[in-house]
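Enquirer: The structure under discussion is supplied below as structure tokens; questions concerning it will follow.
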Amino acid sequence: MDLPSLRDRKRLLIQEDIMAVALRLFRERGYEATTVDDLAAASGMSRRTFFRYFPSKEDVLAGKWTAMGEGIVVALIERPADEEPWASLRASLAGVVEHYADPARRTDSYALDEVVDSTPSLRAAFVAKVDLLAEALSAVLVSRGVAEVRAQMLARACGAALTVAMRQARATGAEGIADDLDRAMGVLTPGM
Numbered sequence: 001m002d003l004p005s006l007r008d009r010k011r012l013l014i015q016e017d018i019m020a021v022a023l024r025l026f027r028e029r030g031y032e033a034t035t036v037d038d039l040a041a042a043s044g045m046s047r048r049t050f051f052r053y054f055p056s057k058e059d060v061l062a063g064k065w066t067a068m069g070e071g072i073v074v075a076l077i078e079r080p081a082d083e084e085p086w087a088s089l090r091a092s093l094a095g096v097v098e099h100y101a102d103p104a105r106r107t108d109s110y111a112l113d114e115v116v117d118s119t120p121s122l123r124a125a126f127v128a129k130v131d132l133l134a135e136a137l138s139a140v141l142v143s144r145g146v147a148e149v150r151a152q153m154l155a156r157a158c159g160a161a162l163t164v165a166m167r168q169a170r171a172t173g174a175e176g177i178a179d180d181l182d183r184a185m186g187v188l189t190p191g192m
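Under full-length UniProt numbering, the first residue of the sequence shown carries the number 1, and numbering increases by one thereafter.
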């Protein structure tokens, strides 16, 4: 596996810094009230430089979802091909569970969830990302011989269970999502 170049690592660090600044400003001022100029200034860069890292304000937050979704798909691809599909999907969420188990990352994720839930345009973008994730997971399952309709249902049910678990954990102040995810997926297990 090729390691990222120094330039790529620096770019990722700067993007992470911008995301942290953006999340703070969105929580303080609200998403709609925060401009790209605000984000650039708070990140110590010009507006033009900001656009080298993100094509839009929305993409600052969408990057977290994209990275998480890609990790889930890669984890599913790496699962044994003969494993039961529902079990493979649950196991592919291990990285998300680990993410929410870390106190600092969990706090940031809960804050991001709050911003998304309070902003209709971001909520729509999140739903679109979950839909893309379901399509990608479904494609992996179909490549393993799972019937198209079943693969779609499993992938979408998995996405719904993950969303419910994240919301439930945030609402209760849980120290992670593992238990909530297992409960949500367990509700669906008999029919899967």
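A virtual CB, placed ideally from N, CA and C, is assigned to each residue, including glycine.
(1) Less than 7 Å between C-beta atoms, sequence neighbours within five positions excluded: which residues of the same chain meet that for Asp38?
(2) With a cut-off of 8 Å on the beta carbons, I'd call Gly176 and Tyr110 a contact; round off their distance for me.
(3) Measure the beta-carbon distance from Leu154 to Trp65 and round it to whole angstroms, keeping in mind my assumption that it falls under 8 Å.
(4) Smallest Cα separation from Gln15: which of Thr35, Ser56 and Arg27?
(5) Please report how far the alpha carbon of Val73 lies from the alpha carbon of Pro120, in whole angstroms.
(6) Helix, strand or coil, according to DSSP, for Val127 in the structure here?
(7) Buried or exposed: which applies to Thr34, given that a residue is buried once 16 or more other Cβ atoms fall within 10 Å of its Cβ?
(8) Exposed or buried, Ala134, counting other C-beta atoms within 10 Å across all chains shown (16 or more means buried)?
(9) Output needed for Val140: all residues of its chain with C-beta closer than 7 Å, excluding positions within five of it in sequence on either side, in chain order.
(10) With a CB to CB cut of under 7 Å and the five nearest residues on each side skipped, what residues in its chain are close to Ser46?
(11) Please list the terminal residues of the continuous alpha helix (DSSP H) segment that includes Arg29.
(12) If we count the other Cβ atoms within 10 Å of its Cβ and call it buried at 16 or more, is Leu13 buried or exposed?
(13) From Arg106 to Gly145, what does the alpha carbon distance come to, in whole angstroms?
(14) To which residues of the same chain is Ala136 closer than 6 Å at the C-beta, ignoring the five residues directly before and after it?
(15) DSSP three-state call for Met45: helix, strand or coil?
(16) According to DSSP, is residue 200 helix, strand or coil?
(17) Is Thr163 helix, strand or coil by DSSP?
(18) Quick one: grab the DSSP three-state call for Pro85.
(19) Assuming the contact rule is C-beta atoms closer than 8 Å, Leu23 and Asp108 should be a hit. Round their C-beta distance to whole Å, please.
(20) Can you tell me the Cβ-Cβ gap for Ala125 and Ala169, rounded? I've got them flagged as a contact below 8 Å.
(21) For Leu51, does the three-state DSSP call read helix, strand or coil?
Expert: Once the coordinates are examined:
(1) Cβ within range, chain order: Leu25.
(2) 11 Å between Cβ atoms; not a contact.
(3) Actually they are not in contact, since the Cβ atoms of Leu154 and Trp65 sit about 20 Å apart, beyond 8 Å.
(4) Ser56
(5) 26 Å
(6) helix
(7) buried
(8) With a 10 Å radius around the Cβ and a threshold of 16 neighbouring Cβ atoms, Ala134 comes out buried.
(9) Val73, Leu76 and Ile77
(10) Ala40
(11) Leu6 to Arg29
(12) That one is exposed.
(13) 36 Å
(14) Val73
(15) Coil, per DSSP.
(16) No information on residue 200 is available, as it lies outside the stretch 1 to 192 that the chain covers here.
(17) helix
(18) helix
(19) 6 Å
(20) Rounded, the Cβ-Cβ distance is 21 Å, inconsistent with contact.
(21) Going by the sequence as given, residue 51 is Phe instead of Leu. Here DSSP, grouped into helix, strand and coil, assigns Phe51 to helix.
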